Every structure is written in structure tokens, then in C-alpha cells.
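**Q** My questions will all concern the structure given below.
In this note's numbering, the protein residues as written are 25 to 397.
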């Protein structure tokens, strides 16, 4: 009898979780029992509390969370010197993966959150500093003055203000808030599983978060957002979408941002993001990019239906136009994703440590039999 194995761990249940549920056959995603459609109506920090602690935050709890993020979001002179020493041409995801392990994550200010150990506070200190890392690296790349961290501004408002060196509009803050809620958590995806594998070895929380960033960078994972935008730019106009799709399929190419292993119906995150992108881009320089993506999706769906298949856009497909419309350039798409997903990673790190067992699967050996020298 042949030994069975699952390439890519497809359909393998590796552990259990109470953090989020992906019901692909229903096209439904929920965090702690609340559907994503409900959660995008809330504030980002209220959803962060839910993912980390299991229940929606009260006003007092949300204020405590915001206070911790504000108290721990600034970078020290030492951290800024390390960041400044990196090549300006480095991709933001490589910068982020490099910087997270060397951050000072000693928690500052009141520690009034319901974490059961210091790992939670240290991990949340990383979450607090990621926006400042991204904004500071952006200013360095532009040879501009480093941003001043404003401890009076909320988390995402402060990020946009530092990133653009000016106050952000309320509309842009709200759009980013919705986008970050959509990106915050998604069960045992590759980045989260990487985090849990690292956590299972009893490595520090900073190492687990850094390893997850490395996994997210891949174009078959979070990096698909930048790749999907580049496709649309390469196509140029909606009128050329059909020719592009036919050529892609003839050459057995892969369309980034289309299809998802977990969803047999429309990705509910894409269902929210697409109309947001359309509204944001209408009448702007980015409308052509959105319309090109929309036409690519239409032509690709038509060709798939001819083969009896249904392939839908996922979260990454329409994320590019949303990011561009709020002033975030393509090299920062996936890093912005990591800024949100770091909360989900932290929740998984803490959950996996509650009943830890090192991840150590077996492999089917197909190499040479024992040989003599």
C-alpha cells in the first residue's frame, strides 16, 4: 500500500483555533464569531481587542489598548540608527523582517491589558512600532526629515500622518481602518502557520512575528497585492484586458489576486474592497488601474466559466487601487498588510502557547536507498 501525503498540507487539520473561521463553501469569514461584514463597521482597535482577547472591547478597554499603542509606538535613537543603516533600496518587507527581531520590546507605560504573560505585551509592542518603522523608512527613502511620533493621535491616523508628513483626511483614515480590519486575521494561512511553527519551538515572540513577515512577502501569499497591481499597469487599459487574459491562459500563466484555496465562492473581503476601490478611485488618476483590474476579472471569469470553473478575486486583487488612493505606494502594500496581520499573528502565537507541542511533521523519503562508500 502506498503512503499518502498532502502536498502543501492541503486539507490537513494541523491544530484547532478559536480566533477566526474561514467557511470557504459559504464565502464567509468571521473573527471570534462575528462576520467580517459586521466588523468593518467598527473601529480598528475594537476589532484588535476582539482578536486578541475574545470579546469586543468596552470604551474603557479600547482606551487602554490605544494608550498602550501610543506609549510603545515611538522608535528609540538606537532603533532609528539601525533603520538608517539599511540600504534605501531594500524592499519594505525585508526591512520589516530585519528590524522586528532587534526592536526594544520592553513594554512602556501602564500594563493594564488582560495578557497572562509578558509575551503578549512584547508582541503588542512590535505591533505598536510597525507603523513608525514603515513611515520612517519611507521618509528615509525620500531623503526627508524623519517623522515625529505623535502620542496623541490614534494608531492608524498617526501612521498616515507620519507616512505623508501631513495630517490625514478623515475619509482616508476610515478607508485604511476598514482595509486593516479586512487584513487582520485569516486562520491558518501560510504566514500565520509559519508564526505558529516558530512559536512551537519556544522561540521569542519577536522571532515568530519576523518569520511570519518572511512568509507573507511571497507572491503566492501577501505579495500578490503588489503583483496584481503590476499586472494591471502592464496591461495598461481596460480595452487590452481580454488580449492579456487569453495570452496568459495560453501560456499557462498565473493571474495574481484571483482564486483562493479556501474559498469556493467570492472572498467576502474582496466583496467589501471592490466597491470601496471603485468609490475611492472614481475621477482620480487611479481610476484607469481600477477599471483595468475590473475588466481583467470579468474576462478571466468568462474564460473560467467556459471550462466549468468559478474563480473569484481575493483580497489582494483590488487592494492596490485602495492603497494608491490613500497615498500608499506599491512597495508598501504588503508591509501595510503585515501591520494589520501582526495582530492576528500575535493572537495565534499566544493561543498556540496555551497547549504547546513542537510542529514536526514527517516526510515521505524518495531518495536513494542505503549505499556503500
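Don't be surprised by glycine CBs; every beta carbon is placed ideally from N, CA and C. For clarity, every value in this text was computed on a predicted model and none was experimentally measured.
#1: Assuming residue 209 and residue 64 are in contact, meaning their beta carbons sit under 8 Å apart, how far apart are those beta carbons, in whole angstroms?
#2: Does the pairing of the region 305-324 with the region 345-360 give three or more beta-carbon distances under 8 Å?
#3: Quick one: measure Cβ to Cβ for residue 131 and residue 77, integer angstroms, because I've assumed they're closer than 8 Å.
#4: Taking buried to mean at least 16 other C-beta atoms within 10 Å of its own C-beta, is residue 53 buried or exposed?
#5: Tell me which residues share the same chain as residue 197 and place their Cβ nearer than 7 Å to its Cβ, disregarding the 5 neighbours each side in the sequence.
#6: Does residue 204 come within less than 9 Å of chain C when only Cβ atoms are used?
#7: Buried or exposed: residue 361, going by 16 or more other Cβ atoms within 10 Å of its Cβ?
#8: Can you have a look at residue 221 and say buried or exposed, based on whether 16 or more other CB atoms are within 10 angstroms of its CB?
#9: Can you give me the C-alpha to C-alpha distance between residue 87 and residue 332, rounded to a whole angstrom?
#10: Quick check on DSSP: helix, strand or coil for residue 53?
#11: Mind checking residue 134: buried by the 16 CB within 10 Å criterion, or exposed?
#12: What first and last residue would you give for the beta strand (DSSP E) that runs through residue 46?
#13: Buried or exposed for residue 338, going by 16 or more other Cβ atoms inside 10 Å?
#14: Could you please give the first and the last residue of the uninterrupted alpha helix (DSSP H) stretch that includes residue 256?
#15: Residues in its own chain within less than 7 Å of residue 199 by CB, not counting five upstream and five downstream?
#16: Around the C-beta of residue 357, are 16 or more other C-beta atoms found within 10 angstroms, so that it is buried, or is it exposed?
#17: Among 306, 302, 334, which has the Cα closest to the Cα of residue 288?
#18: Answer with buried or exposed for residue 390, where buried requires no fewer than 16 other C-beta atoms within 10 angstroms of its C-beta.
#19: DSSP three-state label for residue 282, please.
#20: Buried or exposed, going by whether 16 or more other CB atoms sit within 10 Å of the CB of residue 397?
#21: Measuring CA to CA, which of 162, 296, 341, 127 is closest to residue 113?
#22: Can you find a heavy atom of the ligand COA that lies under 8 Å from the Cβ of residue 184?
#23: Out of 273, 355, 264, 366, which one is the CA nearest neighbour of residue 233?
#24: Touching or not, the region 139-146 and the region 372-385, by the rule of three or more beta carbon pairs under 8 Å?
#25: So the candidates are 321, 101, 204; which of them puts its Cα closest to the Cα of residue 272?
#26: Kindly confirm or deny that the region 209-219 and the region 243-256 touch, where touching means at least three C-beta pairs closer than 8 Å.
#27: Per the DSSP calculation, residue 337 is bridged to which residue(s)?
#28: For residue 160, count the other beta carbons within 10 Å of its own beta carbon; 16 or more makes it buried, fewer makes it exposed. Which is it?
#29: Looking only at DSSP bridge pairs, what is residue 59 linked to?
#30: Note the first and the last residue of the continuous alpha helix (DSSP H) segment covering residue 271.
#31: Within its chain, find whatever has a CB closer than 7 Å to the CB of residue 126; leave out the 5 residues flanking it on each side and keep chain order.
#32: On the three-state DSSP scale, how would you describe residue 211?
#33: Here's a check: name, in chain order, each residue in its chain whose Cβ is nearer than 6 Å to the Cβ of residue 290, leaving out the five neighbours to either side.
#34: Looking at the structure shown, is residue 381 part of a helix, part of a strand, or coil, going by DSSP?
#35: Assuming residue 151 and residue 124 form a contact by the criterion Cβ under 8 Å, report the distance between their Cβ atoms to the nearest whole angstrom.
**A** Let me lay it out:
#1: Rounded to whole angstroms, the Cβ separation of residue 209 and residue 64 is 13 Å, and the two are not in contact under 8 Å.
#2: Verdict: yes, contact present.
#3: No, residue 131 and residue 77 are not in contact; Cβ-Cβ is about 16 Å, not under 8 Å.
#4: A buried status is given to residue 53, since no fewer than 16 other beta-carbon atoms sit within 10 Å of its beta-carbon.
#5: Non-local C-beta neighbours of residue 197 in its own chain, meaning closer than 7 Å and more than five positions away in sequence, comprise 180, 181, 184, ordered along the chain.
#6: The question asks about chain C, but that chain is absent: this structure has only one protein chain.
#7: With 16 or more neighbouring CB atoms inside 10 Å of its own CB, residue 361 falls in the buried class.
#8: Burial call: buried.
#9: Roughly 51 Å between the two C-alpha positions.
#10: DSSP places residue 53 in strand when its eight states are reduced to three.
#11: Under this definition residue 134 is an exposed residue.
#12: Per DSSP, the continuous beta strand (DSSP E) segment holding residue 46 begins and ends at 44-47.
#13: With a threshold of 16 other beta carbon atoms within 10 Å, residue 338 meets it and is buried.
#14: Counting along the chain, residue 256 sits inside the alpha helix (DSSP H) bounded by residues 248-259.
#15: Result list for residue 199: 300, 304, 346, 350, in chain order.
#16: Burial call: buried.
#17: In terms of Cα proximity to residue 288, the closest of 306, 302, 334 is 334.
#18: With a threshold of 16 other beta carbon atoms within 10 Å, residue 390 falls short and is exposed.
#19: In the structure shown, the three-state DSSP call for residue 282 is strand.
#20: By the C-beta density criterion, residue 397 is exposed, having fewer than 16 other C-beta atoms within 10 angstroms.
#21: It is 162.
#22: In the structure shown, the ligand COA is absent, as is every other ligand, since no ligand is present at all.
#23: Ranking the options by Cα distance to residue 233, first place goes to 366.
#24: Judged by pairs of C-beta atoms under 8 Å, the region 139-146 touches the region 372-385, as three or more such pairs exist.
#25: Nearest in C-alpha terms to residue 272, of all of 321, 101, 204, is 321.
#26: Segment contact: the region 209-219 against the region 243-256, three or more CB-CB distances shorter than 8 Å; contact assigned.
#27: According to DSSP, residue 337 bridges with 282.
#28: Buried.
#29: Note: residue 59 sits in a beta bridge opposite 54.
#30: Here the alpha helix (DSSP H) through residue 271 covers 265-274.
#31: Within the same chain, and ignoring the five residues on either side of residue 126 in sequence, the residues whose Cβ sits closer than 7 Å to its Cβ are 106.
#32: The three-state reading of DSSP puts residue 211 in coil, since its state is none of H, G, I, E or B.
#33: Within the same chain, residue 290 has close Cβ partners 51, 336.
#34: When DSSP states are grouped into helix, strand and coil, residue 381 belongs to the coil group.
#35: Contact between residue 151 and residue 124 does not hold, since the beta-carbon distance rounds to 10 Å and is not under 8 Å.
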